[in-house]
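Take a look at the structure below.
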Amino acid sequence: MAQDPTQRLLHQARFLKSAQNVEQCPPDAGFEVAFAGRSNAGKSSAINRLTGQRTLARTSKTPGRTQLLNFFELDEERRLVDLPGYGYAKVDKVTRQQWQRDLDDYLARRQSLTGLVLLMDIRHPLKDFDRLILEWSARAGMPLHLLITKADKLKYGAAKNTLLQVLKDVRDHPAPLTAQLFSATNGSGCDEAWRQLGIWLAVPPDPAG
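All you need for my numbering is the position in the sequence shown, starting with 1, plus 9.
Now the structure itself:
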């Protein structure tokens, strides 16, 4: 089966650079989609699955290891960004607060950011960090896509019920918001995620399609 244009684009992803703050980021032009999530949400595994690469985003058994904004180039105009994970990171309070300031600064100032993917473990959705991102999205009017990960850990009925409950909890969210089930293990949900990423990254349709 032929890959759609977004899938092909994501499969071209390559590491571009890491940045500690906005000043170190690549030029603020084109289209950028960022991935955010608590340290145990399976963010790196999801990025690797969506890009068809096993080691593009580092996965670690030490949650919170990613302390920088990691940029992946798709083409000259488009990028993915892996934002620092929070939750179980064993770092001191001062370091954690600096991470939060750098993340807030990036989210507030980055003009090329067209959408934010928030990843949540299906067994632990809508924790404090997730609600912080929801609040920021509401204030900024930033489109948000909830990727409810590790859906394979539950039976389909239970997974669907969790998705419906999350949608009910965020139904009054004032910014554009979508949500889906996803599994990096078996690949379920990739097509839906590629569709959303294609919209945000302004991927041209396949002329042959």
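C-beta: ideal position from N, C-alpha, C; glycine also.
For I56, the enclosing alpha helix (DSSP H) covers residues K52 to T60. Considered as a whole, the region 125-164 harbours 137-149 as its complete alpha helix (DSSP H) runs of no fewer than 4 residues, in chain order. Taking the CA atoms as reference points, S54 sits about 12 Å from D130.
For R87, the enclosing beta strand (DSSP E) starts and ends at R87 to D91.
In the DSSP assignment, A28 falls within the beta strand (DSSP E) that extends over R23 to A28. A residue is called buried once 16 or more other Cβ atoms fall within 10 Å of its Cβ, and N79 is buried on that count. Comparing C-alpha distances from D181 to each of G51, A50 and A147 shows the shortest one belongs to A147. When the five nearest sequence neighbours on each side are left out, the beta carbons in the same chain lying within less than 6 Å of the beta carbon of T194 are those of D161, in order along the chain.
Contact between the region 203-217 and the region 27-45 is present: three or more C-beta pairs spanning the two stretches fall below 8 Å. Judged by pairs of C-beta atoms under 8 Å, the region 155-171 touches the region 126-146, as three or more such pairs exist. A distance below 8 Å between beta-carbons, with the five flanking residues on each side excluded, links L25 to the following residues of its chain, in chain order: P35, F80, F81, E82 and R88.
A distance below 8 Å between beta-carbons, with the five flanking residues on each side excluded, links I142 to the following residues of its chain, in chain order: A45, L125, L127 and L153. R105 sits in a helix when the DSSP states are folded into three classes. Across the set P93, S192, G150 and P214, the C-alpha of P93 shows the shortest separation from the C-alpha of W108. A Cβ-Cβ separation of about 7 Å places Q21 in contact with D84 under the 8 Å criterion. Between A50 and N57 the beta-carbon gap is near 14 Å, outside 8 Å, which marks them as no contact. With fewer than 16 other CB atoms across the displayed protein chains lying within 10 angstroms of its CB, R23 is exposed.
Spanning the alpha carbons of N170 and T15 requires a straight line of approximately 29 Å. Partner residues in the beta bridge of N79, as assigned by DSSP, are S27 and D91.
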